[in-house]
Amino acid sequence: MRAPLENELRSIQVDIIRMGTLIEKTIEDTINALVNRDLNLAQTIAANDDQFDQMELEIENKCIYLIARQQPVASDLRKIFSVVKIVTDLERIADHCQDISKLTIDLAKKEYVKPLVDIPKMAKQVKDMVRMTIDCYIDQDVEKSKAVCASDDIVDDFFKVIVDDLELVMKQKPDEVKQCMDFMMIAKYLERMADHATNVAEWVIYSVEGTHFEGNNS
Amino acid sequence: MSQLYDNKTVYDVRDLNLWYGNDQALKNINMKINKNEVTAIIGPSGCGKSTFIKTLNRMIENIPSVRTEGEILYHGINIFDKIMRVEELRTRVGMVFQKPNPFPKSIYENVLYGPKIHGVKDKASLEEILETSLKSAALWDEVKDRLHDNAYGLSGGQQQRLCIARALAVQPDVILMDEPTSALDPIATAKIEELIDSLKADYSISIVTHSMQQAGRISDKTAFFLMGELVEFGNTEVIFSNPRDKRTEDYITGRFG
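Set out below in structure tokens:
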């Protein structure tokens with residue numbers, strides 16, 4: 001009687017991969033909209049966030065039905081529990097894309113105080129991390145997951161640099177404080193997205209090894 | 219023996235080997251069973267789990283071809299030792315079986331059979347034992363008005379609880395159960411499981427079960443037997459969430475057999 005359990009686990013895995021891939025694409029769109037002050041794209045991203053909430057709900061439902069019907073234990077149970085945790089983190093990452101796009105809608109109306117340099121770099125790093133965590137999930141790769149957790153430091157360093165920069169700009173151009181604050185929020189959202197990606201990697205480790213990895217929680 | 223009863227360990231099984239004729243049924247078993255804990259024994263058919271619990275009260279010796287090696291310390295005393303009286307051991311270590319097996323007598327006679335042969339004669343004492351045992355087995359309310367009816371008139375679940383009451387009546391310290399709910403419906407099963415959970419406060423319970431979910435629900439420790447070996451023994455939550463041995467994982471997740 002393992003066939004129904006394994007089929008359903010596979011179907012959930014496909015759902016997670018699809019959701020992860022879509023999120024990767026959304027991060028890319030989010031940052032393109034910001035860099036290019038693309039109002040339409042930003043509006044589309046903000047409007048499409050519902051699809052991720054829907055995906056989260058569907059995956060959670062599949063998990064709860066699977067638990068109810070199959071009473072999984074050991075690695076099966078860890079796999080399902082990890083999916084429930086991972087899907088929450090993925091949905092949060094998508095939420096932050098929406099948050100950034102909402103700010104973009106405002107920001108795009110006028111010239112930026114300075115050309116965006118570090119934020120696009122930071123966003124690319126975040127996108128790469130998310131892609132790697134999805135790979136880790138697909139391959140159930142513990143070593144790669146640990147590498148993802150470690151790479152969170154790179155994103156944290158970007159965040160510090162950006163905050164320092166913005167502080168300087170705010171001092172020099174007090175009239176642009178509002179815009180600087182928006183960019184600060186965007187940097188913070190990106191930093192949180194990397195934390196959620198780290199969480200996903202940690203849940204992959206739990207799923208495989210049954211132990212909680214003390215990753216980078218800063 | 220009584221001075222050793224404070225000790226947390228009830229059974230300390232050391233290097234136990236058992237043969238039926240030339241066939242080895244238990245291989246080098248080492249395991250401790252603690253006071254006030256439920257120990258679940260799981261494993262596929264023929265793995266030695268029933269043999270193992272029947273060894274704990276030396277019931278296995280009813281099979282003539284059985285030979286054992288190693289020791290089982292019960293409160294520090296080897297049960298195979300000459301000073302251990304087997305009747306005394308079986309009084310202290312009660313047993314409940316897969317199929318309810320009440321005597322073809324009244325409920326009253328079933329519960330008091332043991333105390334009577336142990337020489338309790340006083341009517342008040344007997345009635346106290348009757349009520350306490352039936353209450354502990356969560357059966358009193360259902361049978362108190364028909365104590366002299368034949369036990370065969372009870373439902374399967376009630377008969378099984380009567381067998382538990384009968385075991386409790388001689389004041390044991392350990393109760394061994396060999397698939398006690400496999401012949402019962404889910405409601406009767408739930409009652410027995412609740413009972414096991416409440417009995418844990420006063421007794422140590424070892425239960426053989428084929429239901430993984432039951433082991434997960436009711437036990438503190440789980441022992442996984444396979445082909446006469448104790449493959450893994452540990453806290454139930456660990457066994458069912460992150461077993462160490464791949465064979466345990468394969469068995470509890472239904473990957474083999």
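Protein chains in written order, with my numbering: chain V, 1 to 218; chain G, 219 to 475.
Beta carbons: idealized from backbone N, C-alpha and C, even for Gly.
None of these values were measured; they are calculated from a predicted model.
Asked: Check whether G:Asn248 and G:Val231 have beta carbons under 9 Å apart; Found: yes
Asked: 4 or more residues per run - each alpha helix (DSSP H) lying fully within the segment 226-311 of chain G; Found: 267-274 and 304-310
Asked: Among V:Lys173, V:Ile59, V:Leu66 and V:Ala74, nearest to V:Ile86 - alpha-carbon criterion; Found: V:Ile59
Asked: Residues bridged to G:Gly452 [DSSP beta-bridge criterion]; Found: G:Thr440
Asked: Short CB-CB distance (under 9 Å) between V:Ser82 and chain G; Found: no
Asked: CB of G:Ala355 within 9 Å of CB of G:Leu380, strictly; Found: yes
Asked: Proximity to G:Glu447 [Cα-Cα], best of G:Lys226, G:Lys409 and G:Asp233; Found: G:Asp233
Asked: Residue interval of the alpha helix (DSSP H) (run including V:Val169); Found: Val142 to Gln172
Asked: Expected contact under 8 Å - CB spacing of V:Thr198 and V:Asp139 to nearest Å; Found: Not confirmed; about 17 Å, so no contact.
Asked: Euclidean distance between Cα positions of G:Ser373 and V:Ser82; Found: 44 Å
Asked: Chain A contact residues for G:Met430, given Cβ-Cβ distances below 9 Å; Found: Although the question refers to chain A, the structure presented lacks it and instead comprises the protein chains V and G.
Asked: is_contact[G:Thr471, chain V] using C-beta, thresh 9 Å; Found: yes
Asked: The segment 396-410 of chain G / the segment 327-346 of chain G touching (three or more Cβ pairs under 8 Å); Found: no
Asked: V:Met184, enclosing alpha helix (DSSP H) - first and last residue; Found: Val177 to Glu209
Asked: Cβ-based burial, G:Lys317 [other Cβ within 10 Å; buried from 16]; Found: exposed
Asked: Close-in-space but distant-in-sequence residues of the same chain around G:Ala387 (CB under 6 Å, 5 per side omitted); Found: Val329, Gly332, Pro333, Ile347 and Ser351
Asked: Member of V:Met132, V:Arg92, V:Ala150 and V:Ile16 whose CA lies at the smallest distance from the CA of V:Glu214; Found: V:Ala150
Asked: Where V:Glu214 falls: helix, strand or coil (DSSP); Found: coil
Asked: Sheet register partners of G:Asn368 (DSSP bridge); Found: G:Ser324
Asked: C-beta contact flag for V:Leu34 and V:Ile100 at 9 Å; Found: yes
Asked: DSSP-derived helix/strand/coil call for V:Met132; Found: helix
Asked: Residue-chain proximity (V:Leu224, chain G), Cβ-Cβ < 9 Å; Found: Nothing in the structure corresponds to residue 224 of chain V, since chain V is present only between 1 and 218.
Asked: 9 Å Cβ cutoff, G:Gln221 in contact with chain V; Found: Reliability fails at G:Gln221, whose pLDDT of 46 lies under 50, so the model's placement of it is uncertain and the value that follows must be treated cautiously. Judged by the 9 Å Cβ criterion, G:Gln221 is not in contact with chain V.
Asked: Bounding residues of the alpha helix (DSSP H) (the contiguous stretch that carries G:Met445); Found: Where G:Met445 is concerned, there is no enclosing alpha helix (DSSP H), given that its DSSP letter is neither H nor E.
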